[in-house]
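Residue numbers (my numbering): 74 to 376. Cβ atoms here follow ideal geometry from the backbone N, Cα and C, with glycine treated the same way. Model, not experiment: these values are computed from the prediction.
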């Protein structure tokens, strides 16, 4: 049997497949279809200090090979998560990652303090959120912003800290390096790509918010390139995501430098997607005689 175990920032995963934030809720619905404990991990819905209802509909739009979303971080708030959802997630027997979001540096610091006192395994910071003190520009757009929020959270965070990077930047490697210099234990990428959809008949945007984030198979080539650029720039682990639909996609991301991956949009149109990818990866490792799946990490031949 091939060994599918991987390690990110000292945390061991039984396999490299993690259900991505915002596409898997807290695992309850999917666990009705299969044993979610068979996945390497689950990343929670994005959590804020206070409950959020999210954006008005329409919040989801289909596009060729992808999905646009503008959900607006709908979530029950961090305290309700700890009380109502975390015990269930812990019962599944897989790695639990809490995704944290905020509108100010103080928000991120406070939510990291709160989550550090729980039994989540890791904390992932969603720094694609608009910084209200910077005119709405996302924390993760400029290296200085990435460095500042990472450094501030690192001072209080007692858990392994993952910084989730936005692709809507001029130099993703510079932002990855800023996260590392700020004290991140790992980075994850890519978040969704800024995009919009238009209804010709109504002559209006389809999404109520006007624009949103593109995910799905359409963004995979962008994600692979950015993961590879970051792998060359930093020496902390990378969790890759963006358009992962099958086992071979996982291998491609690992060759580009990812130690693990997150599966997002695939879960939305196929509730069994993440489990299927685990099974496909198992078959690939067996058929290609890959003793340890981690042997693929960074193995891309670019000559």
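Note to self: Could you tell me the alpha carbon to alpha carbon distance between residue 222 and residue 175, rounded to whole angstroms?
What the structure shows: Within the chain shown, residue 222 is the residue found at index 149, counting from 1. Within the chain shown, residue 175 is the residue found at index 102, counting from 1. Cα to Cα, residue 222 sits roughly 11 Å from residue 175.
Notebook entry, point to check: With 16 other CB atoms within 10 Å as the buried threshold, where does residue 243 fall?
Noted result: For the purposes of this step, residue 243 is identified with residue 170 of the chain shown, where counting begins at 1. Result: exposed.
Checklist line | Under the three-state DSSP convention, the category residue 294 falls into | finding: For this step, residue 294 is matched to residue 221 along the chain shown. The answer is helix: DSSP assigns residue 294 an H, G or I state.
Note to self: For a quick check, are the C-beta atoms of residue 334 and residue 318 less than 9 Å apart?
What the structure shows: By 1-based counting over the chain shown, the position of residue 334 is 261. By 1-based counting over the chain shown, the position of residue 318 is 245. No, the Cβ-Cβ distance between residue 334 and residue 318 is not below 9 Å.
Note to self: For residue 369 and residue 328, what's the separation of their Cα atoms in angstroms?
What the structure shows: Along the chain shown, read from residue 1 onward, the residue named residue 369 stands at position 296. Along the chain shown, read from residue 1 onward, the residue named residue 328 stands at position 255. When rounded, the distance between both Cα atoms is 5 Å.
Checklist line | Within the region 87-173, ranges of the alpha helix (DSSP H) (whole runs, at least 4 residues) | finding: 101-104, 159-164
Note to self: Could you compute how far the alpha carbon of residue 340 sits from the alpha carbon of residue 140?
What the structure shows: Counting from 1 along the chain shown, the entry for residue 340 is found at position 267. Counting from 1 along the chain shown, the entry for residue 140 is found at position 67. About 12 Å.
Check: Taking the continuous beta strand (DSSP E) assigned at residue 313, which residues delimit it?
Finding: Against the chain shown, residue 313 aligns to sequence position 240. That run of the beta strand (DSSP E) goes 311-314.
Check: Could you give the uninterrupted runs of the beta strand (DSSP E) lying entirely in the region 192-274, keeping only those of 3 residues or more?
Finding: DSSP runs (the beta strand (DSSP E)) wholly in the region 192-274: 195-199, 234-237, 259-262, 266-268.
Check: Does DSSP classify residue 362 as helix, strand or coil?
Finding: As a first step, residue 362 is located in the chain shown; it is residue number 289 there, counting from the start. Reduced to three states, the DSSP call for residue 362 is coil.
Notebook entry, point to check: Roughly how far, in whole angstroms, is the beta-carbon of residue 173 from the beta-carbon of residue 196, given that I think they are within contact range, below 8 Å?
Noted result: Translated into the one-based positions of the chain shown, residue 173 becomes position 100. Translated into the one-based positions of the chain shown, residue 196 becomes position 123. Yes, they are in contact, since the Cβ atoms of residue 173 and residue 196 sit about 6 Å apart, within 8 Å.
Note to self: So, for residue 259: in the same chain, excluding its five sequence neighbours on each side, which residues have a beta-carbon less than 6 Å away from its beta-carbon?
What the structure shows: The sequence position of residue 259 within the chain shown is 186, counting from 1. Here the set comprises 81, 82, 235, 309, 310.
Check: What is the DSSP secondary structure of residue 185, counted as helix, strand or coil?
Finding: Position 112 of the chain shown, counted from the first residue, corresponds to residue 185. Residue 185 falls in the helix class under three-state DSSP.
Item checked: Beta carbon of residue 356 nearer than 9 Å to that of residue 320 -> Mapped onto the chain shown, residue 356 falls at position 283. Mapped onto the chain shown, residue 320 falls at position 247. Yes, the pair counts as a contact, with Cβ atoms nearer than the cut-off.
Notebook entry, point to check: Whose CA, out of 293, 295, 297, 270, lies closest to the CA of residue 284?
Noted result: Taking the first residue of the chain shown as 1, we reach residue 284 at position 211. Minimum Cα distance to residue 284 is reached at 270.
Note to self: If I measure Cβ to Cβ from residue 194 and keep anything under 6 Å in the same chain, skipping five residues before and after, which residues do I get?
What the structure shows: The residue given as residue 194 occupies position 121 in the chain shown. Within the same chain, residue 194 has close Cβ partners 84, 168, 169.
Check: If we count Cβ pairs, one from each stretch, closer than 8 Å, do we get three or more for the region 356-366 versus the region 116-129?
Finding: no
Notebook entry, point to check: Quick one: is residue 136 near chain C, going by C-beta distance under 9 Å?
Noted result: Here there is only one protein chain, and chain C is not present.
Item checked: Rounded straight-line distance, which links the Cα of residue 358 to that of residue 382 -> The chain is shown only over 74 to 376; residue 382 falls outside these bounds and no answer can be derived.
Item checked: Cβ separation of residue 185 and residue 116, assumed to be a contact under 8 Å, to the nearest whole Å -> Residue 185 sits at position 112 when you count from the first residue of the chain shown. Residue 116 sits at position 43 when you count from the first residue of the chain shown. Between residue 116 and residue 185 the Cβ distance is about 15 Å, and since that is not below 8 Å, they are no contact.
Notebook entry, point to check: Taking the alpha helix (DSSP H) that residue 328 falls in, what are its first and last residues?
Noted result: Residue mapping note: residue 328 aligns to position 255 of the chain shown, counting from 1. Element bounds for residue 328: 320-328.
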